[in-house]
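**Q** First, the structure itself, so that you have it in front of you.
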Ligand SMILES: *[C@@H]1O[C@H](CO)[C@@H](O)[C@H](O)[C@H]1NC(C)=O
Ligand SMILES: *[C@@H]1O[C@H](CO)[C@@H](O)[C@H](O)[C@H]1NC(C)=O
Ligand SMILES: *[C@@H]1O[C@H](CO)[C@@H](O)[C@H](O)[C@H]1NC(C)=O
Ligand SMILES: *[C@@H]1O[C@H](CO)[C@@H](O)[C@H](O)[C@H]1NC(C)=O
Ligand SMILES: *[C@@H]1O[C@H](CO)[C@@H](O)[C@H](O)[C@H]1NC(C)=O
């Protein structure tokens with residue numbers, strides 16, 4: 002049996018204790034499930050010949066996690082599950098009449114569909130919805146508005162796309178900055194996104210949410226709109242301002258400065274991989290499976306774990322037994338640091354031996370060229386509890402507690418000190434996001450041409466991280482190019 006046949010959509014009830022926030026608090030709690038296999042790929046794979054790429058893709062599928070939330074749309078409510086994506090900023094859903102749902106085997110039943118004709122609260126907006134992601138996925142159709150239910154609350158007049166054409170059987174819940182909406186890159190005006198509507202409708206106090214990804218092997222995590230869960234992290238949250246891209250007076254992405262990186266084994270003196278003289282902007286991306294560091298640093302780590310480019314894998318593969326290594330990384334930010342075990346960067350490539358009877362893992366650190374914005378993906382973010390505060394253009398971060406069963410939900414308020422119980426470092430020196438990225442496009446050139454993709458989507462980054470190197474490079478170039486439009 003191919004490994005992917007073994008992996009059915011995996012939903013696990015979370016068993017979290019009930020919301021314990023004090024009465025009247027404005028927090029929307031949304032448990033999410035992690036699915037080990039993106040189901041929309043099943044259909045895609047059916048017609049594909051057995052190429053090296055396909056093998057890779059199969060392997061990826063078994064241990065690649067995407068995050069899903071159950072929501073409903075319309076009146077009466079139509080249930081859907083959407084893939085949560087902090088890296089894009091539009092919501093779009095499948096509809097029964099779409100090209101892909103009409104031709105797919107299960108008619109998009111896994112993710113669900115939205116039928117405007119049966120919703121009394123449906124409103125037509127306009128016909129020019131189109132979004133594309135760096136991995137080549139896209140969806141296009143119309144914009145609509147309807148009532149959106151999530152985490153037990155109803156949000157009215159939420160704008161979203163209905164995908165008539167596209168590559169995925171499942172819709173996406175993009176919760177990034179409105180400045181990154183797909184239409185904005187094409188010169189359309191921003192529209193109020195889900196989180197703005199939550200604030201306008203007095204469901205949460207400010208545009209802020211927190212994400213607890215939890216352990217790689219845990220099957221669920223949690224997102225809180227308008228709140229934090231102090232039971233899910235160690236010590237206190239430290240607040241760090243987001244970096245703005247050159248030419249922008251506000252933040253458009255969750256980019257902060259990485260001030261240093263060390264690796265240590267037990268009581269050994271830490272080995273400095275990057276010191277403070279090399280402070281680099283880093284994108285926090287829940288969608289990227291891997292973490293992207295400067296090439297020379299990545300090379301040192303590849304040597305340390307003995308990762309290799311195996312022809313069949315193309316990307317860095319490593320013997321899974323290297324999980325026994327005791328090394329721990331320390332990622333240094335202004336006023337705080339997050340530790341991540343080396344073993345958390347070693348990701349199963351497959352559950353089953355391939356034809357040559359080898360079980361290999363992927364090494365979750367890849368190199369990018371000097372001057373690029375780094376990406377701290379899931380391999381890093383699982384070890385962190387992160388509050389994404391769009392109103393104040395800050396993140397607050399702390400060391401996660403894996404598998405914590407303690408729940409202590411606190412409301413995020415209003416204004417500059419909205420996020421409760423945080424520490425603010427006395428010295429804050431975030432570096433501006435300038436320089437040339439790996440595509441060789443000057444990031445300060447606002448006129449760089451791009452296709453206007455919203456890029457860096459969850460699915461995009463997730464697939465780039467496991468694709469053959471060439472695909473990865475292409476993907477990276479595209480994402481860098483699309484970055485350029487904001488610079
Ligand atoms: C989503 O809904 C499905 C089907 O009702 C259920 O099995 C699953 O546990 C739910 N997931 C979450 C995260 O609530
Ligand atoms: C649903 O959407 C389709 C496609 O845009 C449109 O033709 C139809 O009028 C809509 N249905 C209703 C009830 O508005
Ligand atoms: C968390 O729970 C998962 C699933 O039960 C388990 O595999 C994992 O080892 C746990 N992680 C830690 C750090 O205890
Ligand atoms: C930082 O690292 C560079 C080499 O990357 C080295 O030249 C420099 O002396 C180091 N600075 C400090 C303060 O350690
Ligand atoms: C992985 O390492 C183990 C232990 O060192 C070794 O027995 C095994 O042969 C290695 N596997 C591969 C595929 O190299």
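Residue numbers (my numbering): 2 to 488.
Here a beta-carbon is modelled for each residue, glycine too, at the ideal position from N, C-alpha and C.
This one's a predicted model, so the numbers in the text were calculated from it and none came from an experiment.
1) Since residue 32 and residue 223 are thought to touch, with beta carbons under 8 Å apart, how far apart are those beta carbons, to the nearest angstrom?
2) Could you tell me the boundaries of the beta strand (DSSP E) in which residue 154 lies?
3) Look at the alpha carbon of residue 83 and the alpha carbon of residue 100, and state the distance between them as a whole number of angstroms.
4) Only counting runs of 3 or more residues, tell me where the beta strand (DSSP E) segments fall wholly within the region 264 to 297, in order along the chain.
5) Name the two residues that bound the continuous alpha helix (DSSP H) containing residue 200.
6) Consult DSSP for residue 102 and reduce its assignment to one of helix, strand or coil.
7) What is the rounded straight-line gap between the Cα of residue 78 and the Cα of residue 120?
8) Just to confirm, does residue 218 get its C-beta within under 7 Å of one of the non-hydrogen atoms of ligand 5?
9) Indicate whether the contact test is met: 3 or more Cβ pairs, each with one atom in the region 290 to 310 and one in the region 215 to 234, closer than 8 Å.
10) For residue 106, count the other beta carbons within 10 Å of its own beta carbon; 16 or more makes it buried, fewer makes it exposed. Which is it?
11) Can you tell me which residues form a DSSP beta bridge with residue 400?
12) How many Å lie between residue 166 and residue 68 at the Cα?
13) What is the rounded straight-line gap between the Cα of residue 53 and the Cα of residue 325?
14) Measure the Cβ-Cβ separation of residue 145 and residue 126 and say whether it is below 8 Å.
15) State the Cα-Cα distance for the pair residue 442 and residue 200, rounded to the nearest angstrom.
16) With DSSP as the reference, identify every bridge partner of residue 364, one or two as the case may be.
17) Considering only the alpha carbon of each residue, which of 206, 156, 174, 310 lies closest to residue 420?
18) For ligand 3, any of its heavy atoms closer than 7 Å to the Cβ of residue 68?
19) Rounded to whole angstroms, what is the Cα-Cα separation between residue 464 and residue 218?
20) Please classify residue 417 as buried or exposed, where buried requires at least 16 neighbouring CB atoms within 10 angstroms.
**A** Looking at the atomic coordinates:
1) Contact check for residue 32 and residue 223: beta-carbon distance about 5 Å, within the 8 Å limit, so the pair qualifies.
2) That run of the beta strand (DSSP E) goes 154 to 167.
3) Cα-Cα distance, rounded: 19 Å.
4) Segments of the beta strand (DSSP E) lying fully in the region 264 to 297: 272 to 275, 281 to 285, 292 to 295.
5) Residues 195 to 201.
6) Three-state result, residue 102: helix.
7) Whole-angstrom Cα-Cα distance: 8 Å.
8) The nearest non-hydrogen atom of ligand 5 is 7 Å or more from the C-beta of residue 218.
9) Because the criterion of three Cβ pairs below 8 Å is not met, the region 290 to 310 and the region 215 to 234 do not touch.
10) Exposed, by the Cβ-count rule.
11) Paired residue(s): 235, 385.
12) Spanning the two alpha carbons is a distance of roughly 23 Å.
13) With a pLDDT of only 24 at residue 53, under the threshold of 50, the placement of this residue in the model should not be trusted; the figure read from the coordinates follows. Distance between the alpha carbons of residue 53 and residue 325 is about 29 Å.
14) Residue 126 is positioned such that its CB atom lies closer than 8 Å to that of residue 145.
15) Reliability of the predicted coordinates at residue 442 is poor, the pLDDT of 24 falling under 50, and the value obtained from them is presented with this limitation in mind. So the two alpha carbons sit approximately 37 Å from each other.
16) The bridge partners DSSP lists for residue 364 are 347.
17) Of the listed residues, the one whose Cα sits closest to residue 420 is 206.
18) Not so, every heavy atom of ligand 3 lies at least 7 Å from the Cβ.
19) Unreliable positioning characterises residue 464 in this predicted model, as indicated by a pLDDT of 30, which lies under 50. The coordinate reading is nonetheless provided below. Cα-Cα distance, rounded: 19 Å.
20) Counting Cβ neighbours within 10 Å, residue 417 comes out exposed, since fewer than 16 surround it.
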